[in-house]
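In our numbering, the protein residues as written are 19 to 413.
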């Protein structure tokens with residue numbers, strides 16, 4: 019059956035997507051657009067990608083039945099353990115794919131942007147693996163609150179450049195990376211870490227991350243005798259882990275998709291990153307999507323306790339899922355996320371990334387039947403957020 023939520027040949031999901039780029043970037047983006055599907059479908063590429071996912075990343079990741087959490091919630095809750103990937107997050111699925119793609123495009127240098135640092139670490143890791151030069155842009159504030167990941171990138175041989183403009187967070191790091199790419203369009207590949215940016219990035223990243231839901235279907239069949247859960251829940255900043263967790267269920271309406279955004283201090287507080295609650299249509303980082311902006315189109319500075327969700331927009335696929343009402347979007351405030359992360363730590367012995375805690379907090383806001391099967395995508399581990407947990411303190 020043809021997927022309703024596939025990107026079309028112009029790069030759009032419904033009315034969202036496309037490629038809104040400066041003229042200087044057109045050859046680079048067009049080269050990528052023309053080549054990526056052919057490369058990704060090449061049997062040798064697929065074999066190398068799958069081998070690295072298995073033997074370097076450590077896939078498949080477990081689908082863990084969280085029994086004590088299930089008793090607390092009143093449903094059968096599974097955790098897709100993306101936190102157990104090499105580098106500690108789902109981000110490496112995409113960077114493995116894109117570094118192999120860059121090699122086949124004969125690119126010599128890699129740039130990336132990062133918020134929480136997980137995508138930066140994953141990019142630095144695969145560049146070290148393949149012996150390629152790596153520059154990672156990161157907001158100055160994010161560098162301060164994610165120091166361990168900054169040092170991990172440096173140990174791996176990457177140069178970390180601070181973005182000092184605007185809110186000094188992910189949005190500004192992305193701006194700096196885009197400027198770099200415009201100045202070095204021929205020998206450099208930009209590994210975008212989420213399902214954002216000009217076409218074909220959202221489609222390409224979603225396909226690299228679709229291994230998450232592909233595994234979930236097989237693992238649920240083995241453990242529950244059916245491929246489809248009743249609910250899949252994932253956090254959304256740009257939205258790469260959610261795109262991967264939703265991918266094979268988007269055209270299965272019996273599976274309810276739930277995306278959680280960072281409400282920050284509250285959606286009406288002026289300190290939020292809840293895009294679907296506060297955003298409207300516009301163009302951000304190369305694609306038409308939903309973003310938080312003023313009446314005259316200036317991007318509103320986002321806020322979240324989680325560096326990985328501190329982004330003023332969502333990817334065009336997620337904008338379409340929201341616009342079409344295929345997915346439910348919930349806003350989770352900072353304290354709700356932190357409490358959910360601490361609860362999981364105490365009930366299951368798993369300290370989640372603060373990003374993932376936003377997905378876990380949805381369990382407290384929803385009503386389930388006891389027999390419902392709920393899968394929460396645990397996108398990253400909480401080691402990097404230890405300082406945030408300590409500062410919050412309520413444990």
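Virtual Cβ for every residue (Gly too), placed ideally from N, Cα, C.
Treat the numbers as computed from the prediction; the structure is a model and nothing was measured.
Check: DSSP-derived helix/strand/coil call for residue 369; Outcome: coil
Check: In DSSP terms, what residue 278 is bridged to; Outcome: 253 and 348
Check: Residue span of the alpha helix (DSSP H) that contains residue 303, given as start and end; Outcome: Per DSSP, residue 303 belongs to no alpha helix (DSSP H) and is neither H nor E.
Check: Limits of the alpha helix (DSSP H) - the one that residue 225 falls within; Outcome: 219-227
Check: Burial state of residue 405 (16 or more Cβ within 10 Å); Outcome: exposed
Check: Residues near residue 322 by beta carbon distance below 6 Å, same chain, minus five either side; Outcome: 280, 282, 291 and 328
Check: Residues that DSSP places opposite residue 395 in a beta bridge; Outcome: 98
Check: 4 or more residues per run - each alpha helix (DSSP H) lying fully within the segment 50-99; Outcome: 61-70 and 85-91
Check: Residue interval of the beta strand (DSSP E) (run including residue 211); Outcome: From DSSP, residue 211 is part of no beta strand (DSSP E); its letter is neither H nor E.
Check: Those runs of the alpha helix (DSSP H) which lie wholly inside the segment 148-175 and span at least 4 residues; Outcome: 158-163 and 165-173
Check: Cutoff 8 Å; reference residue 20; Cβ partners in own chain excluding five residues on either side; Outcome: Annotation note: pLDDT 48 at residue 20 (below 50); position unreliable, no value reported.
Check: Counterpart residues of residue 30 in DSSP-defined beta bridges; Outcome: 35
Check: Opening and closing residue of the alpha helix (DSSP H) in which residue 197 lies; Outcome: 188-201
Check: Contact with chain B by residue 41, beta-carbon distance below 8 Å; Outcome: Annotation note: the requested chain B is absent from the structure, which comprises a single protein chain.
Check: Which listed residue (299, 85 and 140) has its alpha carbon closest to that of residue 314; Outcome: 299
Check: CB-CB length for residue 141 against residue 303, believed under 8 Å; Outcome: Wrong, their Cβ atoms sit about 17 Å apart, outside the cutoff.
Check: Supposed contact pair residue 349 and residue 107 - C-beta distance, whole angstroms, cut 8 Å; Outcome: That belief does not hold up - the Cβ atoms of residue 107 and residue 349 are roughly 23 Å apart, past 8 Å.
Check: Assumed close pair residue 269, residue 32 - CB separation to whole angstroms, cut-off 8 Å; Outcome: Contact flag wrong, Cβ pair sits at about 14 Å.
Check: Those runs of the alpha helix (DSSP H) which lie wholly inside the segment 117-150 and span at least 4 residues; Outcome: 136-148
Check: Bridge partner(s) assigned by DSSP for residue 298; Outcome: 309
Check: Contacting residues, own chain, Cβ-Cβ under 6 Å from residue 354 (five flanking each side not counted); Outcome: 379
Check: Unbroken alpha helix (DSSP H) run spanning residue 260, endpoints; Outcome: 258-264
Check: Strand pairing of residue 180, partner residues [DSSP]; Outcome: 156
Check: Inter-stretch contact at 8 Å, needing at least 3 Cβ pairs: the segment 387-402 / the segment 89-97; Outcome: yes
Check: Residue 22 to residue 224 span [Cα, whole Å]; Outcome: 15 Å
Check: Host alpha helix (DSSP H) of residue 405 (start-end); Outcome: 404-410
Check: Host alpha helix (DSSP H) of residue 341 (start-end); Outcome: 334-341
Check: Residues near residue 53 in its chain [Cβ-Cβ closer than 7 Å; skip 5 each side]; Outcome: 123
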